[in-house]
């Protein structure tokens with residue numbers, strides 16, 4: 001008799017944490033996440049960081065069983081790193097998959113509220129653009145670019161989400177399964193827009209909760225004018241695709 005394959009055991013939640021040259025942040029951020037949310041595991045997704053972030057993450061994982069590490073060959077963009085993390089999470093049976101930055105721009109203190117909100121919503125967004133949300137240490141130009149980018153994408157795509165470019169999210173596994181991850185087109189700044197749009201087009205429930213985004217503590221921002229302009233162009237491609 002042929003035996004059916006054994007399904008992966010269901011686990012509670014996994015935080016996907018992409019890193020590239022985050023040696024000074026990876027230790028403190030993993031410690032803060034573990035302390036804030038006893039029920040979650042962490043997957044560090046390192047793109048072969050030249051500064052040794054991946055090796056440090058391995059050392060952390062060796063002493064902390066809730067930390068896992070996924071090594072990738074090189075830097076291919078934030079979206080590709082998240083897609084690899086999402087695929088790993090689904091194959092290992094996690095029910096809720098979160099994404100966040102490794103530089104403390106996304107404060108781990110919001111994780112419990114996001115997990116709580118995910119009991120009723122299929123996708124929870126940490127939003128800077130609703131009452132109670134905001135940014136710290138941002139100049140006027142960056143605020144204009146961020147809010148303008150969200151308004152631009154919302155208008156073209158016809159969606160109600162206030163912070164469509166935000167990267168602090170909690171997905172239920174059914175959402176990522178329905179999105180069909182290998183077909184995701186965007187990799188840079190527009191990646192977040194595409195995933196939120198696809199989620200809405202599939203009819204899933206989306207909820208925004210307020211967060212305060214704090215500019216990174218250590219290191220340099222990886223945002224650039226080229227990334228923003230690419231995203232503005234990609235919005236039209238997202239709209240044309242429809243993702244019905």
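Residue numbers (my numbering): 1 to 244. Glycine included, C-beta positions come from ideal geometry on N, C-alpha and C. Computed from a predicted model, the values in this text were never measured in an experiment.
query: How would you write the range of the beta strand (DSSP E) that residue 194 sits in, first residue to last?; result: First-last for residue 194: 190-201, but that is the alpha helix (DSSP H), not the beta strand (DSSP E).
query: For the beta strand (DSSP E) containing residue 126, name the first residue and the last one.; result: 123-127
query: Are the stretch 44-60 and the stretch 149-166 touching by the rule of at least three beta carbon pairs closer than 8 Å?; result: no
query: Tell me whether residue 18 is buried or exposed, calling it buried when 16 or more other Cβ atoms sit within 10 Å of its Cβ.; result: buried
query: Where does residue 22 sit, in a helix, a strand or coil, going by DSSP?; result: coil
query: Quick one: Cα of residue 16 to Cα of residue 92, how far?; result: 13 Å
query: Between which residues of its own chain and residue 208 is the CB-CB distance below 7 Å, once the five residues before and five after are set aside?; result: 125, 127, 130, 161, 162, 163
query: For residue 103, write down the residues that DSSP places opposite it in a beta bridge.; result: Residue 103 pairs with nothing; no bridge assigned.
query: Run through the DSSP bridge pairs and tell me what residue 208 is partnered with.; result: 125
query: What three-state label does DSSP hand residue 146 in the structure shown?; result: helix
query: Quick check: the Cα distance between residue 183 and residue 46, rounded to an integer number of angstroms?; result: 22 Å
query: Look at the Cβ atom of residue 61, then the Cβ atom of residue 39, and state whether they are nearer than 8 Å.; result: no
query: Identify which residue in 20, 41, 199 has its Cα closest to the Cα of residue 108.; result: 41
query: Can you name the residues that DSSP bridges to residue 75?; result: According to DSSP, which records beta bridges pairwise, residue 75 is partnered with nothing at all.
query: Taking the alpha-carbon positions, what's the residue 138 to residue 204 distance?; result: 32 Å
query: In the DSSP assignment, what residue or residues form a beta bridge with residue 172?; result: 96
query: By DSSP's criteria, residue 45 is part of a beta bridge. Which residues make up the other side?; result: 18, 70
query: Cα separation between residue 78 and residue 166?; result: 13 Å
query: In the DSSP assignment, the alpha helix (DSSP H) including residue 53 goes from what residue to what residue?; result: 53-63
query: Specify whether the stretch 100-116 and the stretch 18-31 touch according to this definition: at least 3 beta carbon pairs, one from each stretch, less than 8 Å apart.; result: yes
query: Should residue 99 go down as buried or exposed, given a rule of 16 or more other Cβ atoms within 10 Å for buried?; result: buried
query: Cα separation between residue 80 and residue 86?; result: 10 Å
query: From the DSSP output, read off the bridge partner residues of residue 134.; result: 212
query: From residue 190 to residue 181, what distance separates their C-alpha atoms?; result: 15 Å
query: Going by CA-CA distance only, name the one from 141, 120, 135 that's closest to residue 210.; result: 135
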